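Since the structure comes first, as structure tokens, the remarks are kept for the end.
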Amino acid sequence: MEEAKWYVVHTFSGYENKVKVDIEKTVENRNLQDQILEVAIPLQEVMENKDGQKKSSMRKIFPAYVLVHMIMNDDTWYVIRNTRGVTGFVGPGSKPVPLTEEEMIALATFMGTPQEKVNFAEGDLISVITGAWQGTEAVIRSVDAEKQTATIFIDMFGHETPVELNFTDIKKVQ
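With the first letter of the sequence shown counted as 1, position 111 gets the number 257 in our numbering; the numbers rise by one all the way through.
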């Protein structure tokens, strides 16, 4: 028996969830669980900072694409190709090309790494909302997305002194 592989299916934008549900229903109705094993929408956790609060949300890594773990044959090809919202398989012409093991490992690694969404930039006017500098307004001089910090300058005894603050300690002034 042939080995199941992961294939990339192109969908209309915004139809990813509907395509996933429709394929899963068809698999159940036609009893194809042994040929179409899994349908997945690659998602990644994104950390966002809104008004000093960290919020986590899931984002589609590849909008308009769905991954299908299946054994490729005429029946499975037909089911996928004729699902409403599917525009085709990824591959040259009409021949679907499975993802390589290296591509799957890279994708799994990428999906498991939360990405930080930075809502602050150099030049933004911010207000410090916690700590010793609470209530201070300043302009961001630099941002470190990896460390989730922003550097501002505070006037201390007539000298501008750099102060590094966490994103959770500041908010943008509108």
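The C-beta atom is built at its ideal place from N, Cα and C for all residues, glycine as well.
The structure presented is a predicted model; accordingly, all values stated were derived computationally and were not measured.
Alpha carbon of residue i to alpha carbon of residue j, nearest angstrom
{"i": "D197", "j": "L178", "result": "48 Å"}
{"i": "K317", "j": "D290", "result": "16 Å"}
{"i": "D315", "j": "P308", "result": "15 Å"}
{"i": "R205", "j": "D220", "result": "33 Å"}
{"i": "V236", "j": "N175", "result": "25 Å"}
{"i": "E149", "j": "E194", "result": "40 Å"}
{"i": "E162", "j": "A210", "result": "6 Å"}
{"i": "K241", "j": "A254", "result": "25 Å"}
{"i": "S203", "j": "N312", "result": "20 Å"}
{"i": "L245", "j": "A278", "result": "53 Å"}
{"i": "I182", "j": "Q199", "result": "41 Å"}
{"i": "E292", "j": "T222", "result": "43 Å"}
{"i": "G304", "j": "E310", "result": "19 Å"}
{"i": "E248", "j": "E170", "result": "26 Å"}
For residue i, three-class secondary structure by DSSP
{"i": "A296", "result": "strand"}
{"i": "T282", "result": "coil"}
{"i": "T314", "result": "helix"}
{"i": "V309", "result": "strand"}
{"i": "E148", "result": "coil"}
{"i": "L178", "result": "coil"}
{"i": "V192", "result": "strand"}
{"i": "V289", "result": "strand"}
First and last residue of the uninterrupted alpha helix (DSSP H) at residue i
{"i": "E170", "result": "E162 to N175"}
Residue j beta carbon less than 9 Å from that of residue i
{"i": "V285", "j": "I272", "result": "yes"}
{"i": "P188", "j": "F208", "result": "yes"}
{"i": "V319", "j": "I298", "result": "no"}
{"i": "T172", "j": "V225", "result": "yes"}
{"i": "L213", "j": "A186", "result": "yes"}
{"i": "D168", "j": "G231", "result": "yes"}
{"i": "T229", "j": "V165", "result": "yes"}
{"i": "H156", "j": "T233", "result": "yes"}
{"i": "S288", "j": "E306", "result": "no"}
Start and end residues, beta strand (DSSP E) containing residue i
{"i": "T157", "result": "K151 to T157"}
{"i": "A186", "result": "I182 to A186"}
### Continuous alpha helix (DSSP H) assignments of at least 4 residues falling wholly in the stretch 195-274
With a minimum length of 4 residues, the continuous alpha helix (DSSP H) runs that stay inside the stretch 195-274 are 220-227 and 247-257.
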